[in-house]
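A quick write-up on the structure given underneath.
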Amino acid sequence: MAMPEPVLHARGISKFFPGAIALDDVELALYPGEVHALLGENGAGKSTLIKCLTGAYTRDGGTIALSGVEIDPRDPLDSQALGIGTVYQEVNLLPNLTVAENLFLGRQPMRWGMVDHRRMKREAREVLRDYGLDIDPGRLLDSYSIAIQQIVAIARAVELSGKVLILDEPTASLDHDEVKLLFSVIERLKGRGLAIVFITHFLDQVFAISDRATILRNGRVVGTRRLADVSQTEIVTLMLGRQLEAATHHRAHSEPGELLLSLKGFGKGGSIEPFDMEIREGEVVGLAGLLGSGRSETANVVFGVVAADQGTAELRGRGLRITNPREAIRNRFALCPEDRKTDGIVGDLSVRENIILSLQARQGWHRPIPRAKAEEIAQHYVKALDIRLASLDMPIRLLSGGNQQKALLARWLATEPELLILDEPTRGIDVGAHAEIIALIEDLREKGMALIVASSEMEELVAYSSRIVVLRDRRQVGELSGAEISTKAIVEAIAAEDAA
Amino acid sequence: MSQSTKLPLYITLATFVLAFVLCAAQYPAMASTRVVANLLTDNAFLGITAVGMTFVILSGGIDLSVGSVIAFTGVFLAVILRETSIHPLVAFALVLLITTGFGAAMGGIIHYLEMPPFIVTLAGMFLMRGLAYVLSTESVPITHEFYDWLQSLYWKAPGGGRFRLTGALMLLTYVAAMIVLHRTRFGQNVYAIGGSAQTAQLMGVPRARTTIGIYAVSGGLAGLAGIVYTLYTSAGYSLATVGVELDAIAAVVIGGTLLTGGSGFVAGTFFGILIMGLIQTYIVFDGTLSSWWTKIVIGGLLFAFIMLQKGLGWATTARIRLLTASDARS
Amino acid sequence: MMKSTLKRVMPQIIILALVLAANVLVFPGFFNIEFQHGRLFGNLIDVLNRGAPTALLATGMTLVIATRGIDLSVGAVMAIAGAVAASAVVGGAHWTLAVLMALAAGAACGLWNGLLVAIFRIQPIVATLVLMVAGRGIAQLLTEGAILTFNDPGLIRLGAGTIAAVPTPIWIWIAVACAVGLVIRRSALGLLIEAVGINQTSSRLAGINARVLLIAVYLVSGLCAALAGVIVAADIKGADANNAGLWMELDAILAVVIGGNSLLGGRFSITASLLGALIIQGVNSLILLSGMPVEFNLVIKALIIIAILVIQSPRVRHSLYLLRASTGPVLRERPKPAPRTPQEEGQS
Amino acid sequence: EGETVGFSQIGSESGWRAAETTVTKQQAEERGITLKFADAQQKQENQIKAIRGFVAQGVDAILLAPVVATGWEEVLEEAKDADIPVILLDRNIDAPEDLYMTAVTSDQVHEGMVAGNWLVEAVGDAECPVVELQGTTGSSPAISRKKGFEEAIAAADNISITRSQTGDFTRAQGKVVMESFLKSEGGENICALYAHNDDMAVGAIQAIKEAGLKPGEDIKIVSIDSVPDIHLAMKAGEANATVELTPNMAGPAFDVLEAYWADGTMPPKWIQTESKLYTSDDDNAAIYESKKDLGY
Ligand SMILES: Nc1ncnc2c1ncn2[C@@H]1O[C@H](COP(=O)(O)OP(=O)(O)OP(=O)(O)O)[C@@H](O)[C@H]1O
Ligand SMILES: Nc1ncnc2c1ncn2[C@@H]1O[C@H](COP(=O)(O)OP(=O)(O)OP(=O)(O)O)[C@@H](O)[C@H]1O
Ligand SMILES: [Mg+2]
Ligand SMILES: [Mg+2]
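Protein chains in written order, with the working numbering: chain A, 397 to 896; chain B, 2 to 331; chain C, 11 to 358; chain D, 179 to 474.
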């Protein structure tokens with residue numbers, strides 16, 4: 397393929413933060429009709445590069461040329477006007493506006509100088525139908541799930557992009573079906589000659605859709621490769637700067653220990669149908685299901701985020717009522733929530749404070765954790781989980797997405813829980829860390845901790861679960877254990893119910 | 002907008018109607034055209050101020066300067082009409098220019114210096130009141146035939162109620178505000194910024210322009226309210242309308258707009274104003290409350306309205322949650 | 011620890027120094043302190059003494075604001091507390107009992123606000139607006155609209171008396187501020203309050219009892235306001251329900267903001283708020299000493315406050331920082347601060 | 179015979195006003211008049227609303243204590259149209275005389291003059307720098323009482339106002355501002371204090387005492403209103419003179435109304451109440467006793 401002129405050519409892009417060089421002399425060339433994957437570990441600088449390109453950050457050096465003309469977008473509005481549509485990491489839409497208003501913000505159809513709401517809704521419905529969404533665009537965005545919001549965000553960006561479409565981890569909260577749909581949209585756009593930047597930590601997806609990939613490590617480009625020419629291992633090695641140990645296999649599970657928690661007829665009206673569940677020490681219970689199947693609801697009701705309104709719970713044979721997270725924590729439960737931005741991090745507090753927060757809350761306000769002790773705990777987990785940061789004193793919001801996730805995990809590990817509930821623990825985590833977290837889950841299990849893990853990645857669930865509970869429509873519809881566990885079995889369990 | 006977001010609006014409307022019926026049942030004279038006309042005329046300046054406040058609060062901000070701006074406008078008009086021979090219409094244009102510019106300047110400071118609106122407009126409140134004092138500490142009467150003419154424009158309804166120009170002006174302001182908020186890009190941007198300023202910016206909302214515009218609207222409408230106030234009292238007085246900002250905020254909130262921004266309707270504000278006016282009329286009709294009981298009752302009614310709204314809000318969200326739950330199951 | 015606090019409050023210290031210097035400019039004898047009739051006597055003492063109510067209010071207000079709230083009712087609570095204390099001593103109660111009753115009234119008011127905010131989830135500004143409007147009425151109900159004068163020497167001493175030649179209010183506000191500051195910083199409360207102010211949902215999920223914490227800060231604010239109310243009443247030997255604490259809530263909020271605390275909650279410094287209160291009192295003193303005609307009072311105050319706030323605004327501070335940095339080792343960052351990233355913002 | 183009268187009061191910002199409200203209610207009760215009371219919380223717009231409300235209710239007469247002199251034409255016209263007589267209390271307004279029946283007020287400029295004349299007489303030829311505590315900036319008593327006092331001392335070259343600040347009519351501010359006066363002028367350089375109301379004077383007396391001076395001797399004190407507490411101070415020799423502003427404005431107003439209802443007698447347009455001077459020579463203990471239950 398003779399390379400035409402790049403649509404977008406960024407050269408020598410640099411960005412410095414106090415105490416960190418986020419980007420150093422980065423070059424990125426995008427050609428029309430290509431999907432260009434941007435890869436790298438957590439904190440490699442992918443999101444920062446995007447923000448520099450679209451003017452959300454002011455870059456500290458470098459030039460950007462669009463179709464050969466030098467541009468200097470000062471803010472996202474600028475780049476939008478230039479034909480660069482962007483979906484930033486984490487959904488960035490306005491929950492207080494309707495779906496249609498979100499889709500058309502800034503470019504509403506006008507009639508006689510006024511916004512034509514009817515046309516806007518109609519067009520919104522049509523646009524969304526292309527993405528397989530048949531929802532009422534007149535309802536508030538807030539009333540839809542994260543996944544739907546993500547699709548709306550993508551639709552908006554696509555509509556806005558005349559030349560370049562940038563997607564920063566768009567698939568992190570999507571299901572297989574939705575991913576497939578997104579890919580068909582991308583293919584279509586590709587055909588139209590758009591250049592598409594695609595950031596993800598799912599390498600299969602990279603290989604499925606991308607033409608080329610640029611790999612970043614520590615803010616530097618370590619290579620740009622045509623994907624047809626390389627193998628997955630090569631890419632991983634480039635990303636990590638080392639070889640990834642052979643993927644962890646389904647390790648033999650040692651015998652689970654004593655019965656820890658037993659739930660009977662546990663549920664919450666309007667949220668999750670009553671279910672039974674038992675979990676022993678040294679056991680991982682996986683929660684599988686499609687989007688909205690009730691995995692998060694199950695996790696939340698066990699942890700008391702929403703109090704169960706029916707059923708009984710027994711902890712080591714003793715009756716127990718959990719109506720709020722505090723009680724759960726007192727009983728040595730822990731929950732690492734799904735939405736780290738709104739439910740997890742406390743943005744302006746330092747990483748250190750974020751890590752010790754739950755421990756401190758459990759100890760009570762009158763027994764402060766001494767600074768040195770806090771430092772030690774935080775330091776320990778930063779090393780153990782390989783959290784990349786400039787200093788423990790930096791606000792956690794400045795960490796990259798994946799590193800925030802790890803810091804949250806550290807918060808809960810620091811409380812030394814007996815039951816650890818993880819809701820999408822690997823969302824937004826790079827391949828290296830992904831393997832580490834799976835290893836960590838297995839480690840914890842070996843040490844006798846009980847875990848409940850909700851995840852959309854079936855392979856992952858299969859890898860570490862002792863048992864897998866399958867959910868559908870907020871109801872438990874099956875349970876797999878031991879040798880039964882396989883991706884196929886899960887899919888069948890879900891589908892079987894579908895047929896029913 | 003969907004039904005559920007309009008709910009607080011309907012609740013406010015229902016509350017007003019219910020309260021009015023109850024009041025009229027106790028004091029039949031309250032159902033007269035006089036009382037209705039008074040509700041409009043007496044609350045015209047507050048109503049106009051509250052429109053500007055709605056813009057500001059929808060965007061997640063607050064404007065404490067409006068009361069002072071009204072007072073300043075009055076004194077400015079009175080002094081300039083006394084000292085010079087310019088036509089009041091010219092003076093109106095001039096004062097609207099000043100107050101709009103003042104609002105825009107506050108918006109600029111809020112945006113460019115990244116300072117909280119509460120504090121910027123608090124300083125603005127001191128400044129405008131101070132400027133009013135500097136112009137004149139005494140109350141200055143306005144005598145001009147144009148004013149007399151404007152004041153003579155009213156329609157006397159059967160039953161003795163006088164529907165005045167200022168009341169009509171207020172209604173007009175509400176209609177205009179509704180169109181701007183729901184039918185223009187600027188209006189949509191106001192809601193967007195109220196939802197989340199950072200996200201709005203990432204979505205390409207011109208934040209600087211919108212923020213400045215919002216406070217300019219508030220300043221300008223406070224200026225307009227000031228003009229209405231001079232028509233109401235034929236004078237400019239530097240001590241006038243102290244604390245009006247709190248009345249306006251209360252009206253906006255009673256009207257169902259969230260102080261955190263991004264959600265609410267200007268029509269709600271209108272009923273908020275009427276409800277507050279009704280509370281006062283009721284207290285006057287009652288006529289037995291002492292000074293302190295008046296305050297306590299106003300506070301209590303404010304509380305009752307907020308709780309009523311909260312309660313209705315809870316009831317409906319619970320219902321909506323149930324509905325969506327059954328959706329998912331079906 | 012000490013050093014970082016000092017660094018945090020440096021801007022406030024500099025501004026206070028400037029304001030005091032301006033005072034000297036209009037009145038050269040500003041720093042003179044004499045010992046007269048058993049008490050220290052001088053303008054500087056006045057600033058500390060007259061700043062007492064604002065300082066007390068600012069202490070509570072800082073905590074409330076750190077949780078992303080606001081307390082508009084403090085002025086009215088002052089009036090209530092003053093009225094309670096006055097009616098108690100007039101009714102024959104011992105002054106300590108009267109003070110306790112006033113504090114109880116303040117606590118009740120704080121509790122009410124806290125319940126509305128934490129349990130009923132009413133927006134703080136509206137929740138406290140209710141008591142702001144009604145509270146003054148309640149105070150007037152107690153005094154029946156008149157100034158309730160009293161002559162109890164014990165109570166009067168709290169406002170107009172001295173301890174070791176220093177006016178009592180100075181001792182009180184310093185003691186309260188130190189006590190609150192110590193409890194907050196020596197325990198984990200500071201951290202927990204900040205967490206709740208930054209992200210309440212996350213904090214709740216992390217196991218923090220946000221409700222109790224919220225109620226507690228409004229309670230403290232109510233108590234501080236009550237104490238301020240007692241001092242103000244004791245100072246004039248009478249409870250003036252109409253005017254005690256009128257518009258004081260604005261001064262208190264202003265003090266907190268001049269102290270560099272964000273109205274959006276989170277990180278806070280009580281020390282800085284106290285300096286903010288002294289700065290405001292310094293400005294008031296400047297206006298009184300300048301002898302300008304009264305109609306200029308507000309304009310002067312507004313202009314000084316605007317100047318202070320502009321100097322303190324993140325944008326200007328950042329520019330100053332760059333200016334300094336450009337002379338030192340090169341800091342490679344552009345003058346325009348990066349806009350907050352999407353992850354950065356908490357919930358709105 | 180069961181007439182209803184609406185009373186639009188400014189608010190309850192001072193003890194004096196509370197007393198006026200109390201006296202008005204007492205007077206109405208004594209005469210068997212139903213009083214509809216509306217507190218305007220210091221806002222003219224609330225007063226206008228109240229008047230309109232009274233008109234809508236069809237009361238038999240309206241008493242108005244106007245917060246400010248201007249801006250009443252329109253609403254009073256409506257009252258006139260409805261044939262409801264309006265009587266102004268304690269302040270006059272800038273409006274055509276046919277819009278109200280009469281005004282029962284003191285002359286506030288005159289009050290300031292009475293205070294000034296007393297001072298002129300009291301100091302004789304001695305040099306006398308005076309400090310002044312003004313009322314709320316912009317309020318009409320503050321403006322008039324300042325004017326009257328200045329006129330009275332204009333002729334006396336030995337008396338001059340050296341410092342003048344607002345004390346907002348409150349005790350607390352009176353005390354604070356006096357403290358500042360004492361420091362910036364030096365207590366020995368102040369011969370007299372003129373306060374626009376007694377509350378500020380009471381606050382200032384405390385400041386003077388705390389500064390180790392003797393109020394009433396070292397610094398002469400003259401103020402206006404004649405509230406109970408100032409008589410207590412005068413009895414103790416800590417204040418020198420006060421000019422009475424009677425809280426009983428309603429009495430004469432009701433007299434007028436009763437006469438009008440009886441046979442249509444129209445009163446004169448201005449019923450001036452007496453601005454009586456009290457000094458330490460009067461029996462302050464007795465005056466205090468007589469006033470202390472009036473709700474001051
Ligand atoms: N405003 C900031 N101040 C200081 N450091 C920052 C700031 N923003 C980002 N960083 C740092 O810059 C680095 C790059 O972050 P970036 O978000 O670009 O990573 P990423 O490649 O997108 O990672 P992820 O896959 O986890 O999303 C991180 O180490 C982060 O901590
Ligand atoms: N099709 C849908 N329409 C409307 N709302 C939906 C839909 N699917 C899911 N939701 C909402 O999204 C939320 C997510 O559901 P839940 O957390 O139970 O799913 P999950 O299985 O954990 O999925 P995931 O965590 O992968 O999003 C629920 O609150 C649900 O109300
Ligand atoms: Mg990223
Ligand atoms: Mg989930």
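Quick reminder that beta carbons are idealized off the backbone N, C-alpha and C, glycines included.
As the structure is a computational prediction, the values presented were derived from the model and not from experiment.
Cutoff 8 Å: residue i Cβ touching any chain E Cβ
i: Asn-750 of chain A; result: Of the protein chains in the structure, A, B, C and D, none is chain E.
Neighbour-count burial assignment, residue i, 16 or more Cβ in a 10 Å radius
i: Val-465 of chain A; result: exposed
i: Gln-706 of chain A; result: exposed
i: Cys-119 of chain C; result: buried
i: Gly-509 of chain A; result: exposed
i: Leu-19 of chain B; result: exposed
i: Cys-369 of chain D; result: buried
i: Asn-488 of chain A; result: buried
Close Cβ partners of residue i (< 6 Å) along its chain, the five nearest in sequence each way excluded
i: Ala-238 of chain C; result: Pro-63, Leu-66, Leu-67, Met-88
i: Ala-226 of chain B; result: Phe-46, Ile-49, Thr-50, Ile-71
i: Asp-607 of chain A; result: Glu-430, Val-431
i: Ala-244 of chain C; result: Leu-165, Ile-166, Leu-168, Gly-169
Segment limits, alpha helix (DSSP H) that includes residue i
i: Ser-475 of chain A; result: 472–477
Expected contact under 8 Å - CB spacing of residue i and residue j to nearest Å
i: Val-341 of chain B; j: Gly-162 of chain B; result: One cannot answer for residue 341 of chain B here, as it falls past the ends of chain B, which runs 2 to 331.
i: Ala-115 of chain C; j: Val-94 of chain C; result: 5 Å
i: Val-19 of chain C; j: Thr-178 of chain C; result: 26 Å between Cβ atoms; not a contact.
i: Gly-276 of chain C; j: Asp-744 of chain A; result: 5 Å
i: Thr-159 of chain C; j: Leu-82 of chain C; result: That pair is no contact at about 29 Å.
i: Tyr-216 of chain B; j: Val-57 of chain B; result: 7 Å
Beta-carbon proximity list for residue i, same chain, < 7 Å, skipping 5 on both sides
i: Met-2 of chain B; result: Bear in mind that a pLDDT of 43 at Met-2 of chain B, under 50, signals an unreliable position, so the number given afterwards is only what the model happens to contain. So no residue of the chain qualifies.
i: Gly-458 of chain A; result: Ala-406, Arg-407, Gly-408, Ile-409, Ser-410
i: Ala-98 of chain C; result: Leu-107, Ala-108, Met-111
Bounding residues of the beta strand (DSSP E) (the contiguous stretch that carries residue i)
i: Glu-395 of chain D; result: Premise fails: Glu-395 of chain D is in no beta strand (DSSP E) and is neither H nor E.
i: His-432 of chain A; result: 431–436
8 Å CB neighbourhood of residue i in its chain, flanking five on each side removed
i: Gly-844 of chain A; result: Gly-653, Glu-677, Gly-678
Which residues, in chain order, does the region 824–856 of chain A contribute to contact with chain B at a C-beta distance below 8 Å?
none
Just by C-beta distance, which residues in the region 734–745 of chain A are closer than 8 Å to chain C?
Lys-737, Thr-738, Asp-739, Gly-740, Ile-741, Val-742, Gly-743, Asp-744, Leu-745
Under 7 Å (Cβ pairs) to chain C, residues found in the region 300–329 of chain D
In summary, the residues of the region 300–329 of chain D whose CB is separated from some CB of chain C by less than 7 Å are Gln-312, Thr-315, in the order they occur in the chain.
Could you name the residues of the region 455–472 of chain A whose beta carbon sits closer than 8 Å to any beta carbon of chain B, in the order they occur along the chain?
Asp-471, Pro-472
What are the residues in the region 267–286 of chain C lying within 7 Å of chain A by C-beta distance?
Gly-276, Arg-277
With 8 Å as the limit, tell me which residues of the region 154–179 of chain C have their beta carbon closer than that to any beta carbon of chain D; keep them in chain order.
Glu-154, Gly-155, Ala-156, Ile-157, Thr-159, Ala-170
Which residues, taken in chain order from the region 3–33 of chain B, show a beta carbon closer than 9 Å to some beta carbon of chain D?
Tyr-28, Ala-30, Met-31, Ser-33
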